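Protein chains: 2
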Amino acid sequence: MTVRGFARVHVVGDDEIGQEARASADDHSAVRLWLRLLSCSVQVEQHIRVKLRERFGTTLPRFDYLAQLDRHPDGLRLNALSRYLMVTGGNVTALTNQLIVDGLIERLADPTDGRSSIVRFTKIGRRRFQRMAVEHEQWLVDLFDGFDAPHRDTLYALLGRLRVHVAEQRPVSPSRKERQT
Amino acid sequence: MTVRGFARVHVVGDDEIGQEARASADDHSAVRLWLRLLSCSVQVEQHIRVKLRERFGTTLPRFDYLAQLDRHPDGLRLNALSRYLMVTGGNVTALTNQLIVDGLIERLADPTDGRSSIVRFTKIGRRRFQRMAVEHEQWLVDLFDGFDAPHRDTLYALLGRLRVHVAEQRPVSPSRKERQT
DNA sequence: ACCTTTTGCTTGAGGTTTGAAGTAACAGGT
DNA sequence: ACCTGTTACTTCAAACCTCAAGCAAAAGGT
């Protein structure tokens with residue numbers, strides 16, 4: 069038995085469903101909303117992470133990286149990947165190097181910009197990813213199956229609004245502050 | 069200027085609001101829902117992370133850890149923390165050691181169980197956390213401010229349903245598989 | 001008492017991620 | 001051409017996190 073007790077992430081135990089795992093009654097609504105959002109996100113993430121490891125021996129960040137590449141057959145600049153994946157540039161650099169070692173992607177010089185390089189699938193990479201993507205989608209379909217469709221549509225719409233709203237409320241970062249003066 | 073271009077996480081650029089950052093039109097609904105959920109979660113996370121660093125020089129995992137302790141004044145076992153924080157035990161061990169070094173928490177032997185230790189605030193830790201918590205809540209209030217209340221309530225309710233639904237759909241882990249035979 | 005299984009925790013290797021500092025190329029304006 | 005500022009990327013340290021393997025205490029069964 070390879071997995072037991074403490075080693076495994078305890079998502080939500082059978083005896084705990086129905087009670088909030090991270091919030092108690094005296095929190096205020098903004099905090100509670102955030103904790104619930106996080107809880108959902110982490111649970112789905114862990115669900116998918118386990119499946120990716122068990123089925124394909126890969127990780128979520130790598131899958132996400134490849135998913136972006138799949139949407140852009142002509143390749144992407146690292147900068148664009150950084151935006152899409154919502155991670156820092158250093159992280160993209162690291163992931164890129166590893167995926168190249170794995171033989172799934174390749175780098176090309178960007179003819180229009182000496183600083184940039186463009187990254188795209190190798191033939192093997194694309195084939196391998198597409199096999200994963202089919203199953204990946206099915207996992208999500210299964211995961212949300214039974215969460216009824218009208219609810220799902222409403223949730224989708226509301227998350228869309230929230231996404232935009234939060235994006236507009238970005239923290240005043242140093243660079244932004246300086247530009248405003 | 070300490071923060072520039074590639075070093076900063078590009079959450080969603082001004083020119084991109086309104087288009088889906090991670091999904092394109094041909095994805096199916098389950099995948100799109102997941103990506104939107106993730107996008108919201110990551111954005112809020114980064115917002116809070118930046119604030120915690122700028123204002124208090126601390127990190128989100130540490131804050132979350134302390135927040136759990138704050139809800140349980142009698143202290144918590146590491147096991148319980150692992151469940152609440154939705155992270156592995158090894159991670160809790162590491163965070164615990166660091167927070168002890170920082171002087172914010174302390175360990176006690178659990179008199180009822182020789183394997184366990186109980187962790188709780190030091191006086192300094194509690195004071196320090198509570199100062200942070202007040203601001204932290206305000207950040208979230210500000211972040212969600214203008215996202216109108218009925219929407220927020222609906223979203224909160226739907227996320228609650230989703231949380232329960234997903235928790236019930238846990239992946240069949242090895243240990244579970246074996247128990248079922 | 002003995003054995004087996006489970007539980008609570010630690011450790012260590014390896015992957016992920018950030019934030020900060022640095023290099024080089026581009027894009028103005030002068 | 002030069003200067004200034006910005007952008008694209010890399011590097012590195014430090015933090016985070018998972019997974020697997022272990023150890024010791026607890027719980028149950030015989």
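First to last, the protein sequences are chains A and B. Going from the first sequence to the working numbering is simple: count from 1 and add 68. Going from the second sequence to the working numbering is simple: count from 1 and add 68. Note that CB positions come from ideal geometry on N, CA and C, so glycine has one too. Just so we're clear, the structure is a prediction, and the values are computed from it rather than from any experiment.
### Task
State yes or no: is the beta carbon of E174 (chain B) nearer than 8 Å to at least one beta carbon in chain A?
no
### Query
Among A:T222, A:E203, A:D221, A:Q237, which one has its Cα closest to the Cα of F124 (chain A)?
A:E203
### Task
Using a cut-off of 9 Å between C-beta atoms, extract the partners of E205 (chain A) located in chain B.
D95, H96, A98, V99
### Task
Closer than 7 Å by beta-carbon distance: list the chain A residues that pair up with T127 (chain B), in chain order.
Chain A residues near T127 (chain B): none, gap ~15 Å exceeds 7 Å.
### Query
Rounded to a whole number of angstroms, what is the C-alpha to C-alpha distance between D170 (chain A) and S150 (chain A)?
Looking at the two C-alpha atoms, the distance is approximately 20 Å.
#### Entry: Beta-carbon proximity list for R220 (chain B), same chain, < 6 Å, skipping 5 on both sides
In its chain, beyond the 5 residues on either side, no residue has a beta carbon closer than 6 Å to the beta carbon of R220 (chain B).
### Query
Do you know offhand how far V110 (chain B)'s Cα is from T222 (chain B)'s?
21 Å
### Message
Against chain A, does Y224 (chain B) count as a neighbour if the rule is that its beta carbon must be under 8 Å from one of theirs?
### Response
Y224 (chain B) counts as touching chain A.
### Pick from A:L227, A:L134, A:I186 that is closest to R199 (chain A), judged by C-alpha positions
Nearest option by C-alpha distance: A:L134.
### Task
Note down, in chain order, every chain A residue with its Cβ under 8 Å from the Cβ of F131 (chain B).
None at all; the shortest Cβ gap to chain A is about 12 Å.
### Query
Three-state secondary structure (DSSP) at L176 (chain A)?
strand
### For V187 (chain B), three-class secondary structure by DSSP
strand
#### Entry: Where the alpha helix (DSSP H) containing T222 (chain B) begins and where it ends
217-236
### Message
S185 (chain A) and L226 (chain A) - do their beta-carbons sit closer together than 8 Å?
### Response
no
### Task
Quick one: using the 10 Å Cβ neighbour count with 16 as the cut-off for buried, is Q114 (chain A) buried or exposed?
buried
### Task
Would you mind telling me which residues of chain A sit closer than 8 Å to L149 (chain B), beta carbon to beta carbon, in chain order?
Ordered by position in chain A, no residue passes the 8 Å Cβ test against L149 (chain B), which lies about 10 Å from the chain.
### Task
Under 8 Å by Cβ, that's how I've got I173 (chain B) and T190 (chain B) pegged, so tell me the actual separation to the nearest angstrom.
6 Å
### Message
One question on the structure: do V187 (chain A) and G143 (chain A) come within less than 8 Å of each other, judged by their Cβ atoms?
### Response
yes
### Message
One question on the structure: do L120 (chain A) and Q136 (chain A) come within less than 8 Å of each other, judged by their Cβ atoms?
### Response
no
### Query
Is the distance from the Cβ of L13 (chain A) to the Cβ of R194 (chain A) below 8 Å?
Within the shown structure, residues of chain A are numbered from 69 to 249, placing residue 13 (chain A) beyond reach of any answer.
### Task
Taking only the alpha-carbon atoms, compute the straight-line gap between A93 (chain B) and Y224 (chain B) and give it to the nearest angstrom.
With a pLDDT of only 41 at A93 (chain B), under the threshold of 50, the placement of this residue in the model should not be trusted; the figure read from the coordinates follows. C-alpha separation (whole angstroms): 26 Å.
### Message
For a quick check, are the C-beta atoms of D138 (chain A) and A201 (chain A) less than 8 Å apart?
### Response
yes
### Message
Using DSSP's beta-bridge definition, name the partner residues of R145 (chain B).
### Response
B:I186
### Message
Between the alpha carbons of E236 (chain A) and A235 (chain B), how many angstroms are there, rounded?
### Response
When rounded, the distance between both Cα atoms is 31 Å.
#### Entry: Member of B:V118, B:V232, B:T126, B:V209 whose CA lies at the smallest distance from the CA of S97 (chain A)
B:V209
### Query
With DSSP run on the structure shown, which of helix, strand or coil describes D213 (chain B)?
The answer is coil: DSSP assigns D213 (chain B) none of H, G, I, E or B.
### Cβ of F215 (chain A) within 8 Å of any chain B Cβ
yes
### Message
Within 10 Å of its beta-carbon, does R104 (chain A) have 16 or more other beta-carbons around it, so buried, or fewer, so exposed?
### Response
buried
### Message
When you compare the CB positions of C108 (chain A) and L128 (chain B), do they come within less than 8 Å of one another, or not?
### Response
Not closer than 8 Å, so no.
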